[in-house]
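In UniProt numbering, the protein residues as written are 1 to 458.
The C-beta atom is built at its ideal place from N, Cα and C for all residues, glycine as well.
Input: a single structure, listed below in structure tokens.
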Amino acid sequence: MRLPRRVPWASIAELDEVCTWIYSDDADDRLKRAALNRLAAWRVSTALPHALESTWLILSAILQDTEASSANPGVSSFVYLRQTYALAIIRLVNGLVDPLQQGTYARPIGAIAAQIGLPAWLVEIRHAATHEDLPSLETLREASSQAMVWLLHNYFLPTISPLNPADVSPPEIPPLSPLLKEYKALLKIATRDASLKTRSKADILRLHRQLERWLGEIKVAWGIGFGQHGYDDEKERWAIDQLCFELLNKGVLFLKRIEGDLSNLSIPPNADLWEQMLLHVQSNHSTFGSQLLSHVVGRLISSDGDDPSFDACLSGWILWIVQIWGESQVECTAEETIAVILAEVGRTDPDHLMVARIRPLIQALSASDLELQGKIESLVQALVAPVIQPSAEELTLEMMEERLAMLRSATPSNAVMEDIRTPVHGAKNPASGIRLLGEEDGWKPCPLGMDPRVFGRR
Numbered sequence: 001m002r003l004p005r006r007v008p009w010a011s012i013a014e015l016d017e018v019c020t021w022i023y024s025d026d027a028d029d030r031l032k033r034a035a036l037n038r039l040a041a042w043r044v045s046t047a048l049p050h051a052l053e054s055t056w057l058i059l060s061a062i063l064q065d066t067e068a069s070s071a072n073p074g075v076s077s078f079v080y081l082r083q084t085y086a087l088a089i090i091r092l093v094n095g096l097v098d099p100l101q102q103g104t105y106a107r108p109i110g111a112i113a114a115q116i117g118l119p120a121w122l123v124e125i126r127h128a129a130t131h132e133d134l135p136s137l138e139t140l141r142e143a144s145s146q147a148m149v150w151l152l153h154n155y156f157l158p159t160i161s162p163l164n165p166a167d168v169s170p171p172e173i174p175p176l177s178p179l180l181k182e183y184k185a186l187l188k189i190a191t192r193d194a195s196l197k198t199r200s201k202a203d204i205l206r207l208h209r210q211l212e213r214w215l216g217e218i219k220v221a222w223g224i225g226f227g228q229h230g231y232d233d234e235k236e237r238w239a240i241d242q243l244c245f246e247l248l249n250k251g252v253l254f255l256k257r258i259e260g261d262l263s264n265l266s267i268p269p270n271a272d273l274w275e276q277m278l279l280h281v282q283s284n285h286s287t288f289g290s291q292l293l294s295h296v297v298g299r300l301i302s303s304d305g306d307d308p309s310f311d312a313c314l315s316g317w318i319l320w321i322v323q324i325w326g327e328s329q330v331e332c333t334a335e336e337t338i339a340v341i342l343a344e345v346g347r348t349d350p351d352h353l354m355v356a357r358i359r360p361l362i363q364a365l366s367a368s369d370l371e372l373q374g375k376i377e378s379l380v381q382a383l384v385a386p387v388i389q390p391s392a393e394e395l396t397l398e399m400m401e402e403r404l405a406m407l408r409s410a411t412p413s414n415a416v417m418e419d420i421r422t423p424v425h426g427a428k429n430p431a432s433g434i435r436l437l438g439e440e441d442g443w444k445p446c447p448l449g450m451d452p453r454v455f456g457r458r
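Right, dumping it as structure tokens:
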């Protein structure tokens with residue numbers, strides 16, 4: 001469950017009021033001073049979001065510049081203003097970029113700034129103010145003005161009037177296929193010629209760094225597409241999901257055509273090509289193994305079964321994941337993997353029609369554990385056992401038999417039912433208590449409801 005996020009304002013209208021004081025066309029220094037004082041008061045009560053902290057610094061520098069200009073300042077005042085402006089720009093850029101350095105390897109600040117739409121020349125001013133001579137006062141004034149405009153459109157307006165989730169466009173995913181193709185070609189050459197393995201280590205390490213930078217860009221894209229206040233674990237899982245989607249394309253982890261089917265499962269023949277990269281990702285991202293397993297299982301269950309070799313390759317990668325990460329990750333053990341498979345089958349196929357198709361995979365996963373194999377086999381047999389529906393005739397006979405049994409159980413034990421379909425007139429059966437009367441008994445036909453003893457008398 002997410003914890004509530006603490007904000008300094010009592011209501012969104014209060015933040016809107018501060019924004020109006022700062023950015024209104026007819027806002028004078030008095031209103032800007034009121035906004036600065038309100039921000040200073042918020043800083044005392046709680047930590048300000050970085051955007052508001054930068055707004056407070058830049059607005060403070062602008063007001064100091066205005067006051068100094070009206071008082072005819074000297075050289076020392078100009079130096080102080082340049083330092084104040086430069087510090088505000090440095091704090092703004094660093095605070096925006098540093099939290100987005102999510103990967104193991106650092107990414108260029110300019111690349112991150114481009115992703116969040118921060119003007120590139122603000123990054124250049126930050127670099128010059130940090131490592132070179134301070135930019136001129138006019139340059140810093142213009143940079144501060146542009147920074148305030150950026151904060152208005154990227155913080156104040158989205159916070160005051162957030163967009164509808166339906167109106168938010170999905171984040172743009174940087175392409176990964178060129179990197180994967182280069183990595184595949186490099187590993188093919190290195191595996192064919194053992195003498196090139198040592199020389200290719202530097203290139204492999206470079207591609208690993210590029211992959212980590214790509215994951216970092218994905219996390220930044222998550223922040224842009226779904227809001228700047230995302231949680232790190234959500235960004236991590238979303239980035240790994242995007243990597244799994246890329247790996248599941250045919251021609252990457254899955255070969256376009258291999259020899260084999262589900263009746264003869266084995267580790268995919270291209271596992272040696274991708275093992276090094278997969279282990280590298282797992283070492284830096286602990287949830288990668290379980291997420292990749294979930295994606296592969298989902299792809300296998302959703303397959304229509306028309307391509308047995310593709311299903312065999314999918315099943316082979318499931319075996320590889322269990323073999324490599326089954327001991328180190330609880331989510332990737334054979335028992336947990338079988339549970340994930342059956343749960344996915346139950347979710348997508350209530351009639352369990354595909355259980356028979358993936359039965360060889362389940363048997364292969366439980367082959368090393370006899371106790372688990374017995375439990376799973378009995379469960380699978382129950383799932384694949386055909387359900388025989390009785391015919392209408394069998395159902396009717398069954399109902400009649402049940403009714404007959406109920407009648408017999410309700411009949412007294414000393415009563416015997418006599419077959420009177422061919423009765424003999426005058427025959428008596430004391431045991432039955434029922435007999436047919438004849439003429440010798442004085443019986444004669446008469447209208448219904450009349451006493452035969454008085455019928456016909458005058």
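- Per DSSP, reduced to three states, the secondary structure at K250 is strand.
- Contact between the region 6-13 and the region 40-47 is present, with at least three C-beta pairs closer than 8 Å.
- Counting only runs of at least 3 residues, the region 1-78 fully encloses no beta strand (DSSP E) element at all.
- In this structure, T337 sits away from I301, with a CB-CB distance that is not shorter than 7 Å.
- With fewer than 16 neighbouring CB atoms inside 10 Å of its own CB, A194 falls in the exposed class.
- Separation of L31 and T139 (C-alpha to C-alpha, rounded to the nearest whole angstrom) is 25 Å.
- Of the other Cβ atoms in all chains shown, 16 or more fall within 10 Å of the Cβ of T84; this residue is therefore buried.
- When Cβ pairs closer than 8 Å are counted between the two stretches, the region 144-162 is seen not to touch the region 172-186, the count staying below three.
- Taking the Cα of P268 as reference, the smallest distance to any Cα among I362, W317 and T55 is reached at W317.
- Following the DSSP letters along the chain, one finds P360 inside the alpha helix (DSSP H) bounded by residues R359 to L365.
- Listed in chain order, the non-local C-beta contacts of L196 below 7 Å within the same chain comprise I189 and A190, local neighbours out to five positions each way being set aside.
- Looking from the CA of H285, the closest CA among D133, Q329, C19 and I58 belongs to Q329.
- Annotated three-state conformation of I218 is helix, per DSSP.
- Taking a C-beta distance under 7 Å as the contact criterion, C332 and L293 qualify as a contact pair.
- Counting of Cβ neighbours within 10 angstroms places F288 among the buried residues, the total reaching 16 or more.
- Annotation: R107 is outside any alpha helix (DSSP H) and is labelled neither H nor E by DSSP.
- When C-beta atoms of the region 207-222 are compared with those of the region 147-155, fewer than three pairs fall below 8 Å, so the two segments do not count as touching.
- M148 is the residue among A185, M148, R199 and Q363 whose C-alpha sits nearest the C-alpha of S60.
- In the three-state reduction of the DSSP assignment, H208 falls in the helix class, which pools H, G and I.
- Excluding its 5 nearest sequence neighbours in each direction, I12 has C-beta neighbours in its own chain below 7 Å: I160, listed in chain order.
- In this structure, the CA atom of L187 is about 20 Å from the CA atom of P175.
- When the Cα atoms are used, E402 and G438 turn out to be separated by approximately 38 Å.
- Around the beta carbon of R82, a 10 Å sphere encloses 16 or more other beta carbons of the protein chains shown; the residue is thus reported as buried.
- Going by beta carbons, Q242 and I321 fall outside the 7 Å limit.
- Burial of F254 is indicated by the presence of at least 16 other C-beta atoms within 10 angstroms of its C-beta.
- Residue environment: F156 is assigned as buried (16 or more neighbouring CB atoms within 10 Å of its CB, all protein chains considered).
- Excluding five sequence positions before and after R107, the CB atoms of its chain that fall closer than 6 Å to its own CB belong to R213 and G216, given in chain order.
- Spatial neighbours of F245 in its own chain (CB-CB distance under 8 Å, excluding positions within 5 residues in sequence) are listed in chain order as H295.
- At a Cβ-Cβ threshold of 7 Å, V281 and V340 do not count as neighbours.
- Between V97 and L122, the CB-CB gap reaches or exceeds 7 Å.
- Within the same chain, no residue comes within 7 Å of E132 by CB-CB distance, once the 5 residues on both sides are set aside.
- A Cβ-Cβ separation of about 20 Å leaves I240 out of contact with Q323 under the 8 Å criterion.
- Comparing alpha-carbon positions, the option among T66, T20, R33 and E67 lying closest to W56 turns out to be R33.
- In its chain, beyond the 5 residues on either side, no residue has a beta carbon closer than 7 Å to the beta carbon of L205.
- Per DSSP, I267 is not a residue of any alpha helix (DSSP H), being assigned neither H nor E.
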